[in-house]
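Single-structure report; data block below.
Residue numbers (the working numbering): -2 to 715.
The following block contains the structure:
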């Protein structure tokens, strides 16, 4: 492995090609390369895909690669907290990923302490640098499809999950200001013609014909590169180091040999042993076949490779042509997506670098000091005197774009088509309006820092347990930006408003989401069937039918399943407004002024204790979660009965969870309406009211207190 550095000054960046789960080796290589360079470390490490954030064997079961190449790798140690990444690490997805884990983070998020996934498409700020990332690889036949995948994955889903979608690229092509760094897993199409392609074709002979055919590289990444024109662009995927410089003159990019200035540094010891069974490019049989489904623009070739075709003679007279039907007319040329480039994007030269995977003596690591394209940005984002020198931040322009497009995002439904592209002219005023909202509600409020809100969402792998299993992970919940990004919840394939609300998790203070597990964990278990029954009946329009005990079912089982579901619903709904519920805005846990709630749990707070609403709700939700996790309260083994005290505990839990509903209604209802969550709050609360009424969990009308009139209305209407 050879490490090199760009001779500039700026943010200290380490870039690595394909990760393939070798975090220990990657971090060791960065440390060694820094020592050779005389650095005390780097500010940020960027990994170009195939990161493989595999939490456990279930995640591994749907990673796209032959079974013999499936390895848990090093990530479980970082996920469980046994080890922590020594440098802030960000990455995009490739085509060999823990898709079940990353699918929970469509908009990006922490996969482990100090390790951040950029999502399907994203722009983040790190100090003076704006970094744009596009996950996945190109497959033309999936490009214009929506994100239809949903667990459990079929064999096709395993592969289509990582295929880039036009919807995500469309958002990138709305960006109108300069970025500094671009990332894609596979190379932007035709970028090879802007470097030493002859040398590349010697190393990888089969690249040549694919390049000539226009099937080498990523069409979408080409669109994004030609639109954003960042000074630096990094890729991986092809398992070969390659440098190029793409120069733009007016509207047309100009091919030229790479002029990258590199200063060699001594190579550290090989990070890993060479794999004798290595498959050179990918671990799939079909991922690198060229996709000819959607050739969009002619590939730029060098003069040596291009032969001018003779111009065809026009043998059809104008008189005869005029008599032909309109369908025979030559189609109007389509506008190249993302063009023309907005005036505020002024860079004319993109320095492209592709890196290999972390293995043996391959060239997989690059150290560089990157300055922002606009020099004045350095003074706007000076480094801190403490470590880290900069924090990861959301990008205001990207937040505005995401707010505009969020309403069009449909997840998990194969029956619908992706929303049509309405054109840049249509989206621009909408983005400008959202940009104003972001400025007022996020920028001026100091909320641009990405919160450190990682939490474990699936059981970490236990050393010694099998790595290869036949079961897929359970469907998680989409973790997205804090509440200020979303104008409404995700649409999913379910028609249930509650299911849609559960697909929308927007909390900055996210709590654990361990759930009461079915007693068997398969389709035949009692609690699984009960939950399925609830979901089906909920879509039928009668909430009273939803809450009734199914015939022949155990009442305690039904109470347990619904108690956990209501806990999750409340957790999600409160999570959506956490940004707006602070000790300053809500210094007391109140509904109306007549109803203030004090906390008591007989352990930490043995006497009724006054506290701010966020602290009260945190105590309450932790207390409920502790009961859910308690095997003596919610037994998961077949044949173990519920305790005799279970009904009384359920009544107490439901009574305390009601207080969160009351606080949201009385203090945060305007925010709920602004976020588009009003239908989901009302439906959730109505189901709660009917469930409590159906099963006699309320102790008189005083139970409802501040929301009594609303409750009466709900009981009469169903």
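Glycine included, every Cβ here is placed at the ideal spot set by N, Cα and C.
Could you spell out where the alpha helix (DSSP H) holding residue i opens and where it closes?
i	result
residue 552	552 to 573
residue 220	216 to 225
residue 12	Unbroken run through residue 12 is the beta strand (DSSP E), 8 to 13; no alpha helix (DSSP H).
residue 669	666 to 671
residue 435	421 to 435
residue 679	675 to 691
residue 334	Note, residue 334: premise wrong, no alpha helix (DSSP H); not H, not E.
residue 193	Careful: residue 193 lies outside any alpha helix (DSSP H) and carries neither H nor E.
residue 542	540 to 544
residue 25	20 to 34
residue 77	72 to 77
residue 201	From DSSP, residue 201 is part of no alpha helix (DSSP H); its letter is neither H nor E.
residue 376	373 to 377
residue 54	54 to 57
In or out: residue i buried (at least 16 other Cβ within 10 Å) or exposed?
i	result
residue 382	exposed
residue 132	buried
residue 696	exposed
residue 367	buried
residue 39	buried
residue 27	buried
residue 575	buried
residue 226	buried
residue 17	buried
residue 70	buried
residue 708	buried
residue 369	buried
residue 24	buried
residue 660	buried
residue 217	buried
residue 713	exposed
residue 549	exposed
residue 645	exposed
Anyone know if the C-beta pair for residue i and residue j falls short of 8 Å?
i	j	result
residue 668	residue 577	yes
residue 179	residue 244	no
residue 415	residue 163	yes
residue 363	residue 121	no
residue 89	residue 182	yes
residue 670	residue 617	no
residue 116	residue 102	yes
residue 224	residue 155	no
residue 82	residue 463	no
residue 457	residue 68	no
residue 208	residue 189	yes
residue 93	residue 61	yes
residue 451	residue 73	no
residue 393	residue 439	yes
residue 624	residue 650	yes
residue 200	residue 118	no
residue 161	residue 215	yes
residue 544	residue 691	yes
residue 694	residue 656	no
residue 233	residue 352	yes
residue 711	residue 686	yes
residue 350	residue 231	yes
residue 15	residue 354	yes
How is the beta strand (DSSP E) around residue i delimited, first residue to last?
i	result
residue 391	389 to 391
residue 181	178 to 181
residue 365	362 to 367
According to DSSP, residue i sits in a beta bridge with which residue or residues?
i	result
residue 596	606
residue 86	42, 112
residue 446	390
residue 100	Answer is none; residue 100 lacks a bridge partner.
residue 231	180, 350
residue 185	215
residue 107	113
residue 634	None; residue 634 has no bridge partner.
residue 749	The displayed coordinates of the chain run from -2 to 715. Any statement about residue 749 would go beyond what the structure contains.
residue 587	593
Q. Curious, which full-length beta strand (DSSP E) runs of at least 3 residues does the segment 114 to 165 contain?
A. 118 to 123, 126 to 131
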